[in-house]
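So the sequence lines, in the order shown, correspond to chains S and R.
End of the first sequence sits at 330 in my numbering; the numbers just go up one at a time, nothing left out.
End of the second sequence sits at 448 in my numbering; the numbers just go up one at a time, nothing left out.
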Amino acid sequence: MTDILLEIKDVVKVYGDYTALNKVNLTIPKGSIYGLLGPNGAGKTTLMRIINQITAPDSGSVIFNGEVLQREHISMIGYLPEERGLYKKMKVGEQALYLAQLKGMSYSEALEKLKYWFKKFEIIEWWPKKVEELSKGMAQKIQFIVTILHKPKLLIFDEPFSGFDPINAALIRKEILNLRELGTTIIFSTHRMESVEEICDRIALINNAETILEGAIEDIKKDFEQNTYQIATKNNTLTESKEFIIKKHEDQIFYIEINTNFNKKDLITTLNQNNDIISFKKHTPSMEEIFIKAIQNG
Amino acid sequence: MDKIWLIIKREYLIRVKKKSFVVMTILGPILMAALIITPTLLTMQDQQDRVIAISGNQLDFLEPLNDIENTHFSMIPQEEIDNLKQDFSNTNYYALLDFENENFIIYSDQQISLSIKRSISSKIEKVIERKKLKKAGINLKILEESITKIKIQTKIVNVNGESINSSTEASMGIGFITGILIYFFIFMYGTMVMRGVIEEKTNRIVEVIISSVKPFQLMMGKIIGVALVGLSQFTLWIVLTVIISAIAEIFLLNPSDIINETNSINNAKVLIQVNELIGGINLIQIGSCFFFYFLSGYLMYSSLFAAVGSAVDAEADTQQFVIPITIPLILAIMLIQPVMDNPDGSLAFWLSIIPFTSPVIMMVRLPFGVEIWELVISMLSITVSFILSTYLAAKIYRTGILMYGKKTTYKELWKWLTYKG
Chain S
33 MTDILLEIKD VVKVYGDYTA LNKVNLTIPK GSIYGLLGPN GAGKTTLMRI
83 INQITAPDSG SVIFNGEVLQ REHISMIGYL PEERGLYKKM KVGEQALYLA
133 QLKGMSYSEA LEKLKYWFKK FEIIEWWPKK VEELSKGMAQ KIQFIVTILH
183 KPKLLIFDEP FSGFDPINAA LIRKEILNLR ELGTTIIFST HRMESVEEIC
233 DRIALINNAE TILEGAIEDI KKDFEQNTYQ IATKNNTLTE SKEFIIKKHE
283 DQIFYIEINT NFNKKDLITT LNQNNDIISF KKHTPSMEEI FIKAIQNG
Chain R
28 MDKIWLIIKR EYLIRVKKKS FVVMTILGPI LMAALIITPT LLTMQDQQDR
78 VIAISGNQLD FLEPLNDIEN THFSMIPQEE IDNLKQDFSN TNYYALLDFE
128 NENFIIYSDQ QISLSIKRSI SSKIEKVIER KKLKKAGINL KILEESITKI
178 KIQTKIVNVN GESINSSTEA SMGIGFITGI LIYFFIFMYG TMVMRGVIEE
228 KTNRIVEVII SSVKPFQLMM GKIIGVALVG LSQFTLWIVL TVIISAIAEI
278 FLLNPSDIIN ETNSINNAKV LIQVNELIGG INLIQIGSCF FFYFLSGYLM
328 YSSLFAAVGS AVDAEADTQQ FVIPITIPLI LAIMLIQPVM DNPDGSLAFW
378 LSIIPFTSPV IMMVRLPFGV EIWELVISML SITVSFILST YLAAKIYRTG
428 ILMYGKKTTY KELWKWLTYK G
């Protein structure tokens, strides 16, 4: 029980005649970065709202840190929703203090920690400014700080990088990895597959209210590995053969899929007879390919 | 509980610190005073003398045409009249009154005021009437003596058998003013709540907040915060009005008047008269009921306004939901007159029990005297209603604040009421 922070068991949520979640199961280990993937409208946001107790499941259970999820857990969870904003007319400092206190921090503790983070992010001079004077990226930094300020055990980020320029996105990524080092468990929802591969340990893919994939990234990739190879040739041509089919030719690389009954050991010999090979490797599918494939199959 | 307190504090401070709050608080009593003083000032300004020319040829007919207040009549020869009809620029006459074959015509280089037109016509009517009466051989002296004016004093007999002076006019005045004020406050602060909800939704901060507090806490925090803003503003208005009127009294009253004995006697008389006027009206009851009905009416309506705010994406979309909420309030205002005509009738009774109209109508009825049991039923009914409306509004609110970019229909609202937590 100790190495699992959050367990979602058979969670069902129905809105009228629309099923948002249908018996969803997830197991999120402590200290992991867990990618929550899925197309728009798959039910990710509903799931995140259930974990945040914004809404309750119709059936099923959510176990947080070994206990049934309840109101007291609110202060142990930090949530950065996709639809995030700030009060435009309020001053940055006042607002950050307000949001921190709503999470259960005392005024003095919130003030001290906020000053620390504002200095760290080099935004202390924004403290007395009104939010409407800030750019979107600036506001995002403040939202990020407020989300992590109370040192939650579980952090939930919904599209955390949207609205950031590459420099600030890198800064946030660094902080997210830092938080994991400190033992925080992170749920990370995004459409940007490259960031999933970079930082997630495990993922769950939700489509049409159901989990269609769940597990460690390497395991999932292995499952999706097929008889596809990447080949580059000197003159950028590849002689066709009945042993394989060319799936695509992109950036001077041929992607070939060999026939299942063909002996793989003979492949290089066969290829070398007709072509001048520069490189040859087994193709590991990217998360994006897996995403698309899983959804098409599911 | 701590968290709802944080929300109340924010909602209160953010509004009280606004410039518009300060301006409205200061301007409120001034505007109020201006509303009362301006007509007086205007009539005072109207004291300039006017001379209306009449043809000397009509002398015998119009002879008894005496001056009306500041309007004088002056007879001028016919030639001058003909000149005046063509050119008004070089004279001091305000207007020219002429008549041809029983048709009266007023010539002037400007639009003459309605009150002057009326007073001239009634004056002429009277002159002609008297001429006709005289012709019929009626003694005008007897006729004049027979004109009588009486004054009816009303007294209310209370349970102790004492009779207290009362005044229908004062009751109507107080009922009307408090009824309108309740309407005004409910509407003003109710829409303030609605705008606050829309702001949180369009700023996209609402989801961040309800991951820390329950939607119900956020909604109630806002409603209570705004109620406190209303009460603060109201208290400040009363205090400021008292101060302003005290200052105005010092500056406007001629110092010599104060030491003038007869004047102070007059003042004392006025005070006695005021006392007599409102003697039969229970001001403490009206004051406390005003507080109760403002608060309960506001709580009921503002929760509905909050629900509307949560269901839309922008203030421009609120119309279709706001109209059904405001119709009962506007209806109450429109029915003030019939209620006053018969403050104990069944219309008045039912409108002061039905919670949507009771805050306004009960205030209108109170100065006329309302049975305690009626007051109790009315208060119970509105208390139950605001609890119920808050409960239903919270259900709509909870779902509405998280719905973006979807046009909400009544059917949709109904569905939201049935969703589970």
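Glycine included, each C-beta is placed from N, C-alpha and C at the ideal position.
Treat the numbers as computed from the prediction; the structure is a model and nothing was measured.
Item to complete: Run down chain R in chain order and give the residues with a C-beta less than 9 Å from the C-beta of M108/S.
Response: Around M108/S, no beta-carbon contact reaches into chain R at under 9 Å, the shortest distance being about 12 Å.
Worksheet item: Within the 8 Å Cβ cut-off, does R116/S reach chain R?
Response: Chain R contact via Cβ: present.
Item to complete: Determine the extent of the beta strand (DSSP E) in which Q262/S is found, giving its start and end residues.
Response: Bounds of the beta strand (DSSP E) holding Q262/S are T260 to T265.
Worksheet item: Are the CB atoms of I252/S and I238/S nearer to each other than 8 Å?
Response: If you check the CB distance, I252/S and I238/S do not come in under 8 Å.
Practice prompt. Indicate the three-state DSSP secondary structure (helix, strand or coil) for V349/R in the structure shown.
Written response: Correct three-state label for V349/R: helix.
Worksheet item: First and last residue of the beta strand (DSSP E) that includes E152/R?
Response: First-last for E152/R: L141 to K162, but that is the alpha helix (DSSP H), not the beta strand (DSSP E).
Item to complete: Using a cut-off of 8 Å between C-beta atoms, extract the partners of N6/R located in chain S.
Response: Any answer about residue 6/R is impossible in this case: the structure gives chain R only from 28 up to 448.
Worksheet item: What residue range is occupied by the uninterrupted alpha helix (DSSP H) comprising D125/R?
Response: Where D125/R is concerned, there is no enclosing alpha helix (DSSP H), although the beta strand (DSSP E) it sits in stretches over A122 to E127.
Worksheet item: Residues of chain R with CB under 7 Å from Q133/S, in chain order?
Response: Within chain R, the C-beta atoms nearer than 7 Å to that of Q133/S come from L33, in chain order.
Worksheet item: When you compare only the Cα positions, how much space is there between E275/S and N291/S?
Response: C-alpha of E275/S to C-alpha of N291/S: approximately 6 Å in a straight line.
Worksheet item: Can the beta-carbon of I35/R be found less than 8 Å from the beta-carbon of I251/R?
Response: Yes; because the gap between Cβ atoms is below 8 Å, this pair is in contact.
Worksheet item: T87/S: buried (16+ other C-beta within 10 angstroms of its C-beta) or exposed?
Response: With 16 or more neighbouring CB atoms inside 10 Å of its own CB, T87/S falls in the buried class.
Worksheet item: Could you give the distance in angstroms between the alpha-carbon of T260/S and the alpha-carbon of M225/S?
Response: For T260/S and M225/S, the distance between alpha carbons rounds to 20 Å.
Discussion item. Just verifying my parser: in three-state terms, what is the DSSP assignment at V339/R?
Written reply: Looking at V339/R - three-state DSSP - the assignment turns out to be coil, as it is neither helix nor strand.
Worksheet entry | Opening and closing residue of the beta strand (DSSP E) in which Y66/S lies | Run containing Y66/S: I65 to L69, per the beta strand (DSSP E) assignment.
Worksheet item: So which residues of chain R does I244/S contact, with C-beta pairs closer than 7 Å?
Response: Neighbours of I244/S on chain R: none; closest Cβ ~25 Å, over 7 Å.
Discussion item. Give the list of continuous alpha helix (DSSP H) stretches no shorter than 4 residues that lie fully inside the segment 173-253 of chain S.
Written reply: Correct list: 198-213 and 225-231.
Worksheet item: Listed in chain order, which residues of the segment 38-69 of chain S have Cβ atoms closer than 8 Å to some Cβ of chain R?
Response: Those residues of the segment 38-69 of chain S that come within reach of chain R (Cβ to Cβ, closer than 8 Å) are Y47 and G48.
Worksheet item: Would you report the Cα separation of I209/R and G202/R, rounded to the nearest angstrom?
Response: Taking C-alpha positions only, I209/R is separated from G202/R by approximately 11 Å.
Discussion item. Just to confirm my understanding: we take I285/R, look at its own chain, exclude 5 residues before and 5 after, and list those with CB closer than 7 Å. What are they?
Written reply: Summary for I285/R: the model assigns pLDDT 47, below 50, so the residue's position carries little reliability; its value from the coordinates is reported in the next sentence. Correct list: empty, nothing qualifies.
Item to complete: Give me the Cβ distance between E231/S and I263/S, rounded to the nearest whole Å; I'm assuming they're in contact under 8 Å.
Response: For clarity, residue 231/S is Ile in the given sequence; the question names Glu instead. Separation of the CB atoms of I231/S and I263/S is rounded to 30 Å, and the pair is thereby denied contact status at 8 Å.
Discussion item. Whole angstroms are fine: how far does the CA of I225/R sit from the CA of F243/R?
Written reply: Spanning the two alpha carbons is a distance of roughly 16 Å.
Worksheet item: If we cut at 8 Å on Cβ distances, does I235/S have a partner in chain R?
Response: For I235/S, the closest Cβ of chain R is not nearer than 8 Å.
Fill in: Spatial distance of L143/S from K241/R (CA atoms)
So the alpha carbons of these two residues sit roughly 24 Å apart.
Discussion item. Within 10 Å of its beta-carbon, does S238/R have 16 or more other beta-carbons around it, so buried, or fewer, so exposed?
Written reply: Buried.
Item to complete: State the Cα-Cα distance for the pair K185/S and V256/R, rounded to the nearest angstrom.
Response: For K185/S and V256/R, the distance between alpha carbons rounds to 38 Å.
Discussion item. Is the separation between the beta-carbon of E234/R and that of L429/R shorter than 8 Å?
Written reply: Taking the C-beta atoms as reference points, L429/R is found nearer than 8 Å to E234/R.
Worksheet item: Under the three-state reduction of DSSP, which class applies to F153/S: helix, strand or coil?
Response: F153/S: coil per DSSP, three-state reduction.
Fill in: Endpoints, beta strand (DSSP E) assigned at D35/S
The continuous stretches of beta strand (DSSP E) do not include D35/S, and DSSP gives it neither H nor E.
Worksheet item: Straight-line CA distance for L69/S to I324/S?
Response: Looking at the two C-alpha atoms, the distance is approximately 11 Å.
Worksheet entry | CB-CB length for N57/S against I40/S, believed under 8 Å | About 6 Å; that satisfies the 8 Å criterion.
Worksheet item: For the segment 235-251 of chain R, which residues have a beta carbon sitting closer than 8 Å to at least one beta carbon of chain S?
Response: For the segment 235-251 of chain R, the set of positions with a beta-carbon nearer than 8 Å to some beta-carbon of chain S reads V235, I236, I237, S238, S239, V240 and P242 in chain order.
Worksheet item: Does any residue of chain R bring its CB to less than 8 Å from the CB of N97/S?
Response: So no, N97/S is outside the interface.
Worksheet entry | Buried or exposed (CB count within 10 angstroms, at least 16 for buried), K30/R | Classification of K30/R: buried, given that the 10 Å Cβ count is 16 or more.
Practice prompt. Give a yes or no on whether 8 Å exceeds the smallest Cβ distance from P113/S to chain R.
Written response: Interface residue (Cβ-Cβ distance to chain R less than 8 Å): P113/S is classified as such.
Discussion item. Restricting to Cα atoms, I'd like to know which of T229/R, Q260/R and A80/R is closest to L40/R.
Written reply: With respect to the C-alpha of L40/R, the residue from T229/R, Q260/R and A80/R having the closest C-alpha is Q260/R.
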